[in-house]
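Read in order, the letters of the sequence shown correspond to residues 0 to 306 in numbering that gives the first Met the number 0.
Positions of the beta carbon are idealized from the N, C-alpha and C atoms, including for glycine.
Here is the structure we will look at.
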Amino acid sequence: MSLVIGEALVDIVTRRDGSSAEHIGGSPLNVAVGLGRLGRPVEFVTRVGDDPRGRSIARYLERSGVSLAPGSMSAEHTATAHATLDASGAASYAFDIEWDLTPPSITRVPNLVHTGSIAAVMEPGCDVVANMLARRRSGSTISFDPNVRSALIADSARAKARIDHLVSISDIVKASDEDLRWYDPGRDPVDTAHTWLSRGPATVVVTKGAEGAFAVCGEGVVEVPARVVEVVDTVGAGDAFMAGLLDGFWSRGFLGAQTRETLHSIDPEDLHDVLTDAALVSALSVARPGADLPTRDMLDAADEALR
């Protein structure tokens, strides 16, 4: 069982032709849905309203095989993110969100606990999230994706300190090159990834959009190209990659606190295979509108077609 903690919201997407549509989103929600659609048991801890948008999120999670943790529908209203797509299909965001959280009672020990994005830096909920991860570390693999939303960060130094803490208690960290340039603007993302690796993770994975991805681990640097697809939009691309990354580690028996030592000594060949899987999941997602992550059947069919 996996546990994903973080924000759920509705993306209101304005396209290049001026039309708009609503899609359910939020970085941690997308990761939970991605794992659920790939057949992984997952419970999602969040805070949405008991309103039409919140209820649509609950139904969406259920259809994707994700269990919503008790107490998650306690917000005054469900958060939104207004996403505007540019000529390349890349999205910029404006948010209406409040992030608070009450830790749920979860008796089972998950093999994986994941969080990221707004949930990791927005007060007061971010402190609850950090404490939940720290308490779960003795029994679970911890993964983290900062997925920085700079429009919501008023105090960058404080946000960076929170990110540093989560990096230090995580086993798997995934970030985009844009995240790392925000974190340390004058530095090569490869160097920043190595610095983060030295703070405790087994691997730090960095996505670079159409240029693919790389990962640093104890044995060196591993790179993979992006899959070539016709991009519809990039909403949720990084989250799809994150879900594929975690699924890849899961398939190869690297998740769970009992495998921490094995994960920290991962062979570059195994890591390359995991990154390749993640790149395919992301490619299948960006070829569809909204953060519409693929199912296991879709992934298996695409993988078979490439052989």
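C-beta neighbour in chain B for residue i, strict 9 Å
i: Gly70; result: No chain B appears in this structure, which consists of one protein chain only.
Extent of the continuous alpha helix (DSSP H) to which residue i belongs
i: Thr261; result: 259-263
i: Thr194; result: 188-196
i: Leu274; result: 267-285
i: Trp98; result: Taken as a continuous stretch (DSSP letters only), Trp98 belongs to no alpha helix (DSSP H), as it is neither H nor E.
C-alpha distance - residue i paired with residue j, whole-angstrom precision
i: Ala278; j: Pro102; result: 33 Å
i: Glu122; j: Asp99; result: 7 Å
i: Gly33; j: Met0; result: 14 Å
i: Met72; j: Ile56; result: 10 Å
i: Pro200; j: Thr114; result: 15 Å
i: Val204; j: Arg180; result: 14 Å
i: Ala89; j: Val285; result: 10 Å
i: Leu270; j: Val220; result: 10 Å
Rounded distance between the beta-carbons of residue j and residue i, thought under 8 Å
i: Gln152; j: Val120; result: Just to set this straight, residue 152 is Ile in the shown sequence, not Gln. Contact holds; Cβ gap of about 6 Å.
i: Thr206; j: Phe240; result: 6 Å
i: Glu61; j: Ile105; result: Glu61 to Ile105, Cβ: 18 Å. No contact.
i: Phe213; j: Arg148; result: 23 Å between Cβ atoms; not a contact.
i: Arg198; j: Val166; result: 5 Å
i: Ser169; j: Phe143; result: 4 Å
Closest Cα partner of residue i within the set the options
i: Tyr59; options: Asp163, Gly24, Gly138, Ala82; result: Gly24
i: Val273; options: Thr261, Arg259, Glu210, Asp246; result: Asp246
i: Ala118; options: Ala133, Arg46, Val228; result: Arg46
i: Asp291; options: Ala300, Asp276, Thr275, Asp232; result: Asp232
i: Ala18; options: Gly252, Ala242, His81; result: Sequence inspection shows Ser at residue 18; the Ala mentioned does not correspond to that position. Of the listed residues, the one whose Cα sits closest to Ser18 is His81.
i: Val227; options: Ala209, Ala236, Leu111; result: Ala209
i: Thr275; options: Pro224, Leu196, Ser250, Ser26; result: Pro224
i: Gly48; options: Pro69, Ser116, Gly64; result: Pro69
i: Thr77; options: Val230, Gly243, Ala304, Asp10; result: Asp10
i: Ala242; options: Glu260, Tyr92, Ser281; result: Ser281
i: Arg107; options: Asn146, Pro40, Cys125; result: Pro40
Terminal residues of the beta strand (DSSP E) in which residue i lies
i: Val223; result: 219-223
i: His81; result: 78-84
i: Val204; result: 202-206
i: Ala20; result: 19-24
i: Phe213; result: 212-216
i: Thr13; result: 8-13
i: Val172; result: 171-175
i: Leu2; result: 1-4
Can you give, in chain order, each stretch of the beta strand (DSSP E) that sits fully within the segment 115-169 and has at least 3 residues? 140-144
Quick check for students: name the residue ranges of the alpha helix (DSSP H) that lie wholly in the segment 33-73, counting only runs of 4 or more. 51-62
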